[in-house]
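K.L.:
Take the sequence shown: its letters are residues 33 to 348, numbered as in our numbering.
The beta carbon of each residue, even a glycine, is placed where N, CA and C say it ideally should be.
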Amino acid sequence: MKILGTGSALPKMTLTNDMLTQYFDTSDAWISSRTGIKQRQVMSDEHLEDLAAKACQQALENAGLKASDLDFIICSNVLDEFISPNLACRVQGLINTDCPCIHVNGACAGFIFALSMAEAYLNSHMAKHILVVAAEMPSRMVDWTERGTAVLFGDGAGAVVVGEGSQLKAMRLSTKSAIDCLYQKQYINSTPFDTQEANKTSSLQMDGREVFKLAVSASMKDIKELLADCQLKQEDIKHYLLHQANTRILDSICLHLKEDKSKFHQNIQRTGNTSSASIPILLDELHREGKLQQGDYLILSAFGAGFSTGSCLLQW
Ligand code: UT7
Numbered sequence: 033m034k035i036l037g038t039g040s041a042l043p044k045m046t047l048t049n050d051m052l053t054q055y056f057d058t059s060d061a062w063i064s065s066r067t068g069i070k071q072r073q074v075m076s077d078e079h080l081e082d083l084a085a086k087a088c089q090q091a092l093e094n095a096g097l098k099a100s101d102l103d104f105i106i107c108s109n110v111l112d113e114f115i116s117p118n119l120a121c122r123v124q125g126l127i128n129t130d131c132p133c134i135h136v137n138g139a140c141a142g143f144i145f146a147l148s149m150a151e152a153y154l155n156s157h158m159a160k161h162i163l164v165v166a167a168e169m170p171s172r173m174v175d176w177t178e179r180g181t182a183v184l185f186g187d188g189a190g191a192v193v194v195g196e197g198s199q200l201k202a203m204r205l206s207t208k209s210a211i212d213c214l215y216q217k218q219y220i221n222s223t224p225f226d227t228q229e230a231n232k233t234s235s236l237q238m239d240g241r242e243v244f245k246l247a248v249s250a251s252m253k254d255i256k257e258l259l260a261d262c263q264l265k266q267e268d269i270k271h272y273l274l275h276q277a278n279t280r281i282l283d284s285i286c287l288h289l290k291e292d293k294s295k296f297h298q299n300i301q302r303t304g305n306t307s308s309a310s311i312p313i314l315l316d317e318l319h320r321e322g323k324l325q326q327g328d329y330l331i332l333s334a335f336g337a338g339f340s341t342g343s344c345l346l347q348w
């Protein structure tokens with residue numbers, strides 16, 4: 033697999049930490065020091081498919097391809113206005129093409145799971161060009177009276193077009209069922225036969241400290257295993273693009289690895305945690321800024337609900 037083009041889109045509304053103090057007892061000082069986040073972009077009058085389609089158009093343009101060149105669209109997404117048809121089907125309509133579309137919900141690790149599926153389709157010659165898009169609106173998942181989660185998230189979309197190539201050197205996926213630390217249930221219709229109590233929970237529930245610990249240990253394990261898989265050393269890696277969940281998680285991983293902080297790219301200060309969209313958004317920003325040079329080794333590492341992790345090592 034090779035990444036042929038990247039794209040991203042963020043909602044137009046900027047929500048600063050100071051603005052959040054209108055809704056609950058919090059402060060810029062608390063949010064900045066505990067998370068690194070200064071502001072995030074959140075959806076107001078936009079629809080998620082429009083953001084996703086914008087990211088996809090950019091990725092196609094960047095790849096020098098037309099939507100009609102695509103053989104498959106894989107969309108990573110947790111929450112969407114529609115349960116069915118999935119977001120990928122609506123994005124396909126907006127970018128005006130007719131290839132098969134599927135949706136994957138791997139929570140914050142979803143983009144890497146989607147990339148792994150793209151790799152499998154390419155390897156089996158079922159497709160030549162695949163659009164992998166992650167589009168998320170976690171701002172609509174949290175309880176806006178709950179300061180513990182509402183301050184953490186932002187919305188956005190990131191996309192890549194992939195084709196045949198040898199950029200992907202290794203990939204690691206893992207899931208260890210651990211539901212209680214991070215989950216959200218949805219209301220489902222009741223029936224005359226239903227004997228269970230209706231779901232009372234409609235917003236994201238999180239044990240932040242537990243997730244923090246799981247994220248640090250899981251991502252470190254993935255990074256070490258990827259290096260061993262590729263017989264590379266840490267000094268060979270030029271860029272770490274980790275899921276933008278919390279600056280302290282990234283700093284902690286960097287510190288444990290005794291790595292140079294400048295290799296751990298961050299945009300969480302501006303975007304908040306955009307779930308599975310965070311890595312492709314960051315990738316697109318670095319790519320457009322010209323920070324990725326041919327031959328550079330990159331590690332992408334994501335972690336989240338499941339508890340699932342997805343990491344890969346690429347040579348740009
Ligand atoms: O994509 C994966 C999604 N989730 C994550 O990555 C979350 C990972 N975890 C974290 O990022 C951190 O655990 C948090 C940022 C969520 C919380 O930081 P913490 O250092 O673990 O704080 P805490 O939950 O232990 O709370 C410390 C205090 C509490 O007050 P008391 O009990 O000490 O009086 C909280 O009530 O901070 C309070 N607090 C806040 N204060 C001001 C919690 N949220 C806020 C807030 N503003 N927004």
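#1: Where does the unbroken beta strand (DSSP E) through Glu81 begin, and where does it stop?
#2: Spatial neighbours of Ala139 within its chain, please: CB distance less than 8 Å, with the 5 preceding and 5 following residues excluded, ordered by chain position.
#3: Does ligand 1 have even one heavy atom less than 8 Å from the beta-carbon of Asp254?
#4: When you compare only the Cα positions, how much space is there between Cys133 and Ile106?
#5: Taking the alpha carbon of Asp328 as the reference point, which residue from Leu52, Ala334, His271 and Ser148 has its own alpha carbon closest?
#6: Over what stretch of residues does the beta strand (DSSP E) that includes Lys201 continue unbroken?
#7: Here's the rule I'm using: 16 or more other beta-carbon atoms within 10 Å means buried, otherwise exposed. How should Lys86 be labelled?
#8: At 4 residues or longer, and completely inside the region 231-292: list those alpha helix (DSSP H) runs for me, N to C.
#9: Examine ligand 2 and report whether any of its heavy atoms sits within less than 8 Å of the Cβ of Cys133.
#10: Would you tell me roughly how many angstroms separate the C-alpha atoms of Val74 and Asp50, rounded to the nearest one?
#11: Touch check for the region 146-164 and the region 190-205: three-plus C-beta pairs under 8 Å?
#12: For Asp316, does the count of other Cβ atoms within 10 angstroms reach 16, so buried, or fall short, so exposed?
#13: Please identify the residue among Ser40, His161 and Gln263 whose C-alpha is closest to the C-alpha of Asp103.
#14: What residue from Ser343, Leu83 and Leu147 has the CA that sits closest to Glu196's CA?
#15: Go through its chain and collect everything with a Cβ distance to Glu93's Cβ below 8 Å, but skip five positions before and after it.
#16: To which residues of the same chain is Lys208 closer than 6 Å at the C-beta, ignoring the five residues directly before and after it?
#17: When we look at the beta-carbon of Gln276 and count the other beta-carbons within 10 Å, is it buried (16 or more) or exposed?
#18: Starting from Ile331 and walking both ways along the beta strand (DSSP E), at which residues does that stretch end?
#19: Sort Tyr55, Ile313 and Asn137 by Cα distance to Val192 and report the nearest one.
#20: Can you give me the Cβ contacts of Thr129 inside the same chain, cut-off strictly under 7 Å, excluding the 5 residues immediately before and after it?
#21: Between the beta-carbon of Ser222 and the beta-carbon of Ala210, is there less than 9 Å?
#22: Give the straight-line distance between the Cα atoms of Thr48 and Ser171, rounded to the nearest whole angstrom.
#23: Could you pull out every residue in the same chain whose Cβ sits closer than 7 Å to the Cβ of Ile300, ignoring the five residues on either side in sequence?
#24: Just checking Val243 against ligand 1 - is the residue's beta carbon closer than 8 Å to any of the ligand's heavy atoms?
P.N.:
On the basis of the coordinates in this document:
#1: Per DSSP, Glu81 belongs to no beta strand (DSSP E); it is in the alpha helix (DSSP H), Leu80 to Ala95.
#2: These residues qualify, in order along the chain: Val110, Leu214, Ser307, Ser308, Gly336, Ala337, Gly338 and Ser340.
#3: It does not: the Cβ of Asp254 is nowhere closer than 8 Å to a heavy atom of ligand 1.
#4: 6 Å
#5: His271
#6: Leu200 to Ala210
#7: buried
#8: 240-261 and 279-288
#9: The model on display carries ligand 1 but not ligand 2.
#10: Linking Val74 to Asp50 through their CA atoms gives a straight-line distance of about 15 Å.
#11: yes
#12: buried
#13: His161
#14: Leu147
#15: Gly37 and Gly39
#16: Phe339
#17: buried
#18: Tyr329 to Gly336
#19: Ile313
#20: The beta carbon of Thr129 lies closer than 7 Å to those of Ala99, Ser100 and Leu102 in the same chain, with the five residues before and after it left out.
#21: no
#22: 14 Å
#23: Gly68, Ile69, Gln276 and Thr279
#24: Val243: yes, Cβ under 8 Å from ligand 1.
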